[in-house]
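**Q** Handing you this structure, nothing more for now.
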Amino acid sequence: LSYKYLNPVETSIILNVQVHVAMETLEATIDRLHYKAVVTNTHVMHSLIVVMQSIKLQYLKLFGVPESSSMFTLLVNSVPAKPVRGKDQSIMVPLLVGLDAESANAGRSQLTSVELNYISTLKYPMTATHNGTLELSPPHMDLPISVLTTHLRLPKNYKYEFSGDFGGSSSDLIAPLPAAFSYQTGKRVVKTDYQFSFKDDNWPDSDDTKPQEAAVKIVAPVMGRSFYFNRLLVVGTQLALNATFSQPLQYTDNISWWQKILALTS
9 LSYKYLNPVE TSIILNVQVH VAMETLEATI DRLHYKAVVT NTHVMHSLIV VMQSIKLQYL
69 KLFGVPESSS MFTLLVNSVP AKPVRGKDQS IMVPLLVGLD AESANAGRSQ LTSVELNYIS
129 TLKYPMTATH NGTLELSPPH MDLPISVLTT HLRLPKNYKY EFSGDFGGSS SDLIAPLPAA
189 FSYQTGKRVV KTDYQFSFKD DNWPDSDDTK PQEAAVKIVA PVMGRSFYFN RLLVVGTQLA
249 LNATFSQPLQ YTDNISWWQK ILALTS
C-alpha cells in the first residue's frame, strides 16, 4: 500500500490486519456403497462395491473389517490392486489406479469404483443346537455416503431378529447395484482414408500396449434367505447390523393344530 499527501502535517494512518483461516474441504465423497454378506455355518463372504468422487485422494480407509478376514481380492476401476494394512488396523485401498491420466494430472474430480471381496471366520459356528448373534456391520469409512445398501444371505432353517442402526429389513434395495468403471482404452493408428467396418469392433490391442496384471474374483454362492437394508446420507458414524438367530420350534403330532400354525408362522 502507498499513500501520497500534499500536506503531511498532522496526518496519521490506522491499519487493521485480519487473517482469515481457510476451511477444509472434502477430497472425496461416496455416491454409492453396496455391501453384501453371504453367511454359511462357519464362514462369511463379504463383498463391497463403492462408487465415489475423488480429487487425488491416495487411499480409502476401511474400518471394522473382522480380524479373521483373509483371501482379499481388489479391483480399482476394474484394474487389479492390492490393499495394505494401516497403522490404525484399517484396510487401505489405493485409489490412484486405472484412472484417466489426463484428468488425474489436471486434478479434476473423477468417478472411481472399488470392488473388494474377502472371507472371515465365524467366532462360533452355527449349529442345530446353538443360538447366537451375528455381527454383520458394513465397513466404516471417514467419508459421507449418499446411498448405502446392504444385502444379507443367511442360512435357512433359522429364525432371525435384526437390531442395530438399519431398522427392519426391506423387501428390496432402494437403488440398483452400482457398476464398476474402466478407463482403460486401446490405441491404434490408421491411415487418414481408412474405411472402418464391423471388424474393427473386435480389433485386438496393439503389441505395444502394456499387459494388465491378471486377477481372480471370488464368486459368491447363491444360497440361503435374502434380507435387504437401506440407509441414506450416512455421515461420520459406523452403522451396526446384528442378526440374532435361533432354531424354529419343532412340532409333533401330540400338539394341537393351532400350536402347529403358531410354530410355522412365528
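Residue numbers (my numbering): 9 to 274. We put the beta carbon where it would ideally sit given N, CA and C, even for glycine. Since this is a predicted model, take the numbers as computed values, not measurements.
Which stretch, first to last residue, makes up the beta strand (DSSP E) that contains Asn125?
**A** Unbroken beta strand (DSSP E) run through Asn125: 118–129.
**Q** Does the Cβ of Ile153 have 16 or more other Cβ atoms within 10 Å, making it buried, or fewer, making it exposed?
**A** buried
**Q** Who are the Cβ neighbours of Asp215 in its own chain at under 8 Å, not counting the five residues just before and after it?
**A** Any reading at Asp215 must be qualified, since the residue scores a pLDDT of 46, below 50, and its modelled position is unreliable; no value is offered.
**Q** Indicate whether Leu156 and Tyr236 have their beta-carbon atoms separated by less than 8 Å.
**A** Cβ distance not < 8 Å, so Leu156 and Tyr236 don't count as in contact.
**Q** What's the C-alpha gap between Leu23 and Lys90?
**A** Each residue's alpha carbon lies about 56 Å from the other.
**Q** Rounded to whole angstroms, what's the CA-CA distance from Leu104 to Gln66? Just pull it up for me.
**A** C-alpha separation (whole angstroms): 6 Å.
**Q** Anyone know if the C-beta pair for Lys164 and Arg233 falls short of 8 Å?
**A** yes
**Q** Compute the beta-carbon to beta-carbon distance between Pro133 and Thr245, rounded to the nearest angstrom, for a pair I have assumed lies under 8 Å.
**A** The pair is not a contact, with the Cβ atoms about 31 Å apart (cut-off 8 Å).
**Q** Among all the DSSP beta bridges, which residues are the ones paired with Leu83?
**A** Pro88, Glu123
**Q** Provide the residue(s) that pair with Ser234 in DSSP beta bridges, ordered along the chain.
**A** Arg161
**Q** CB-CB under 7 Å to Ser177, same chain, minus the five flanking residues each way: which ones, in chain order?
**A** Phe170, Phe235, Tyr236, Phe237
**Q** Thinking C-alpha only, which one of Glu143, Gln192, Val242 is nearest Pro74?
**A** Glu143
**Q** Below 6 Å CB to CB, which residues in the same chain sit around Pro147 once its five sequence neighbours on both sides are set aside?
**A** Cβ neighbours of Pro147 beyond the five flanking positions: Leu70, Gly72, Val73.
**Q** Closer than 6 Å by C-beta to Leu124: which residues in its own chain qualify, once you throw out the five before and the five after it? Chain order, please.
**A** Leu56, Leu82
**Q** Give the C-beta separation of Thr158 and Leu249 to the nearest angstrom, bearing in mind that I take them to be a contact with Cβ-Cβ under 8 Å.
**A** 7 Å
**Q** Can you tell me which of His54, Val58, Gln61, Leu14 puts its alpha carbon nearest to the alpha carbon of Tyr80?
**A** Looking at the sequence shown, residue 80 is not Tyr but Phe. Phe80 has its Cα closest to that of His54, out of His54, Val58, Gln61, Leu14.
**Q** Could you check whether the Cβ of Met79 sits closer than 8 Å to any Cβ belonging to chain C?
**A** This model lacks chain C altogether; it includes just one protein chain.
**Q** Can you check which of these residues, Tyr11, Asp39, Ser86, Thr33, is closest to Val242 by C-alpha distance?
**A** Asp39
**Q** Leaving out the 5 sequence neighbours to the left and right, which residues in its chain are closer than 6 Å to Val52 when beta-carbon positions are compared?
**A** Excluding residues within five positions, the ones whose Cβ falls inside 6 Å are Ala45, Ser128.
**Q** Among residues of its own chain, excluding the 5 on either side of Tyr11, which ones have a beta-carbon nearer than 8 Å to its beta-carbon?
**A** Within the same chain, Tyr11 has close Cβ partners Ile21.
**Q** Which same chain residues, not among the five before or five after Leu162, have their C-beta less than 7 Å away from its C-beta?
**A** Val47, Tyr168, Gly232, Arg233, Phe235, Ala251
**Q** Going straight from the alpha carbon of Leu34 to that of Thr137, what length do you get?
**A** 50 Å
**Q** Quick one: residues in its chain with C-beta nearer than 6 Å to the C-beta of Thr141, no 5 flanking neighbours on either side, listed in chain order?
**A** These residues qualify, in order along the chain: Asn250, Thr252.
**Q** How should Gln26 be labelled, buried or exposed, when 16 other C-beta atoms within 10 angstroms of its C-beta is the threshold for buried?
**A** Counting Cβ neighbours within 10 Å, Gln26 comes out exposed, since fewer than 16 surround it.
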